[in-house]
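Following: one structure in structure tokens, then a few remarks.
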Amino acid sequence: MTDASATAARRPGEQVLTALGLNAPALDPADASPHSFPGGGRWRTEIPSCEGPEALAVVLKEASRLDVPIHRISQGSGVWMLTDAEITEMVEATGERDIELCLFTGPRGTWDIGGSTRTDSRGAGLRARGHDAVAGCVEDAVRATELGVKCLLVADEGVLWTLHRARAAGIIPADTTLKVSALIGPVNPAAYAVYEKLGGDSINVPSDLTLDHLTEIRRVSGAPMDMYIEAPDDLGGYVRMYEVAELIRRGAPLYLKFGLSKAPGIYPYGHHMRELTLATAKERVRRGRLALDLLARHGADGDMAPLGSRLPGDLQRFEISS
-11 MTDASATAAR RPGEQVLTAL GLNAPALDPA DASPHSFPGG GRWRTEIPSC EGPEALAVVL
49 KEASRLDVPI HRISQGSGVW MLTDAEITEM VEATGERDIE LCLFTGPRGT WDIGGSTRTD
109 SRGAGLRARG HDAVAGCVED AVRATELGVK CLLVADEGVL WTLHRARAAG IIPADTTLKV
169 SALIGPVNPA AYAVYEKLGG DSINVPSDLT LDHLTEIRRV SGAPMDMYIE APDDLGGYVR
229 MYEVAELIRR GAPLYLKFGL SKAPGIYPYG HHMRELTLAT AKERVRRGRL ALDLLARHGA
289 DGDMAPLGSR LPGDLQRFEI SS
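Per this note's numbering, the sequence shown starts with residue -11, numbered consecutively.
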């Protein structure tokens, strides 16, 4: 994408405000990310919190009805909350449509017996506490990839590095992608670069980062970035739909994640939460349609990566010692 095309889109309210003498400062072409996805395109889409085959079916049906293109579908409860048959059904349904399926790995601190996560400081958060928690994440990774899952969601730096080493050693398939969770997402360029070097192929940043923060990150790393355009309440509940075009311009290559505010948490999911989970799954797709409509209205809907594309391109890694 050239600097000219990076600044060609109309900004929200631009013509009216300019006519009234309230025009915004001109965009700086130097702020535009120079990066894109391999194979072309500056943005991909993701529907998160798809917690099983039934929710997946709802998402796929609604995406077809509303014509919402989907590159990735992710789940938050974890591999361990799904049966082999459920995982296989999800793999087959996404495979038929050439959509990447991403499942969360293993135990995490917010659900185990550790008391620190329940303090005001939140302690270590979602990280894997102790050897056994790391082992559970690895067990989930091996099981999921054996069933055909090609993307794993990770919430611990040690687990990320371990799975990257396992991938390099051929223990899990070489084309497995590792996605860093929003709940441990980096908030500065130095940290972002570390996650890339630890093996992250797609790195979720918190949705409260400023546009300048995205530009700072893009000056040191071209690793794909994930960002909630609408964040769940437990991640702040931020709604940034009117910024989508500028988020892409600054943060590309960028996964647009269509979350949902004002909705209760559903992790770890079970059938006792069925109606809520299906209703929110359907609404996440509608939120995606709204964001895509905004992009189109502002003439900024070009440069979407081809559907079916999923790999991150060549990234920087720490050396793996023998």
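Just so it is clear, CB atoms sit at the ideal spot from N, CA and C, and this is done for glycine as well. Model, not experiment: these values are computed from the prediction.
Worksheet item: Between residue 283 and chain B, is there a C-beta pair that is closer than 9 Å?
Response: Protein chains in the displayed structure number just one, and chain B is not present.
Discussion item. Let me check one thing: in DSSP terms, what residues is residue 191 bridge-paired to?
Written reply: Residue mapping note: residue 191 aligns to position 203 of the sequence shown, counting from 1. Partner(s): 168 and 213.
Practice prompt. Classify residue 117 as buried or exposed, calling it buried when 16 or more other Cβ atoms lie within 10 Å of its own Cβ.
Written response: As a working mapping, residue 117 is identified with position 129 in the sequence shown. Buried, since its Cβ has 16 or more Cβ neighbours within 10 Å.
Discussion item. For residue -7 and residue 235, I'd like the C-alpha separation in whole angstroms.
Written reply: Position 5 of the sequence shown holds residue -7. Position 247 of the sequence shown holds residue 235. Note that residue -7 scores a pLDDT of 42, beneath 50, so its modelled location is shaky and nothing firm can be said.
Item to complete: Following the continuous beta strand (DSSP E) through residue 60, name the residue where it begins and the one where it ends.
Response: As a position in the sequence shown, residue 60 is number 72, starting the count at 1. Per DSSP, residue 60 belongs to the beta strand (DSSP E) from 60 to 62.
Discussion item. Report the start-end ranges of each beta strand (DSSP E) in the stretch 210 to 288 that is 3 residues or longer and not cut off at the edges.
Written reply: Those beta strand (DSSP E) runs which fall completely within the stretch 210 to 288 and span 3+ residues are 213 to 218 and 242 to 246.
Worksheet item: Which runs of the beta strand (DSSP E) fall wholly inside the stretch 15 to 85 and span at least 3 residues, in chain order?
Response: If we require 3 residues or more, the beta strand (DSSP E) runs fully inside the stretch 15 to 85 come out as 31 to 35 and 60 to 62.
Worksheet item: Three-state secondary structure (DSSP) at residue 182?
Response: In the sequence shown, the residue the question calls residue 182 occupies position 194. Three-state DSSP puts residue 182 in a helix.
Worksheet item: Do residue 211 and residue 303 have their C-beta atoms closer together than 9 Å?
Response: Here residue 211 corresponds to residue number 223 of the sequence shown, with the count starting at 1. Here residue 303 corresponds to residue number 315 of the sequence shown, with the count starting at 1. Contact flag set, yes.
Item to complete: Write down the C-beta distance between residue 312 and residue 39 rounded to the nearest angstrom, noting that I regard them as a contact closer than 8 Å.
Response: There is no way to answer for residue 312, as the model of the chain reaches only from -11 to 310.
Discussion item. The alpha helix (DSSP H) that contains residue 126, what's its start and end?
Written reply: Taking the sequence shown and counting its residues from 1, the one referred to as residue 126 is at position 138. Where residue 126 is concerned, the enclosing alpha helix (DSSP H) stretches over 118 to 134.
Fill in: Proximity to residue 283 [Cα-Cα], best of 17, 230 and 245
What you label residue 283 is simply residue 295 of the sequence shown in a count that begins at 1. Cα-wise, what sits closest to residue 283 is 230.
Fill in: Spatial distance of residue 13 from residue 308 (CA atoms)
As a position in the sequence shown, residue 13 is number 25, starting the count at 1. As a position in the sequence shown, residue 308 is number 320, starting the count at 1. Between residue 13 and residue 308, the C-alpha separation is close to 47 Å.
Practice prompt. Report all residues from its chain with a CB closer than 6 Å to the CB of residue 305; omit the five preceding and five following residues, and keep chain order.
Written response: Within the sequence shown, numbered from 1, the residue matching residue 305 stands at position 317. Spatial neighbours of residue 305 in its own chain (CB-CB distance under 6 Å, excluding positions within 5 residues in sequence) are listed in chain order as 185.
Worksheet entry | Nonlocal neighbours in the same chain, by C-beta distance under 7 Å from residue 143, ignoring five residues either side | Start at 1 with the first residue of the sequence shown, and residue 143 comes out as number 155. Listed in chain order, the non-local C-beta contacts of residue 143 below 7 Å within the same chain comprise 96, 114, 115, 169, 171 and 172, local neighbours out to five positions each way being set aside.
Item to complete: Taking residue 295 as part of the beta strand (DSSP E), name the residues at either end of that continuous run.
Response: Against the sequence shown, residue 295 aligns to sequence position 307. Premise fails: residue 295 is in no beta strand (DSSP E) and is neither H nor E.
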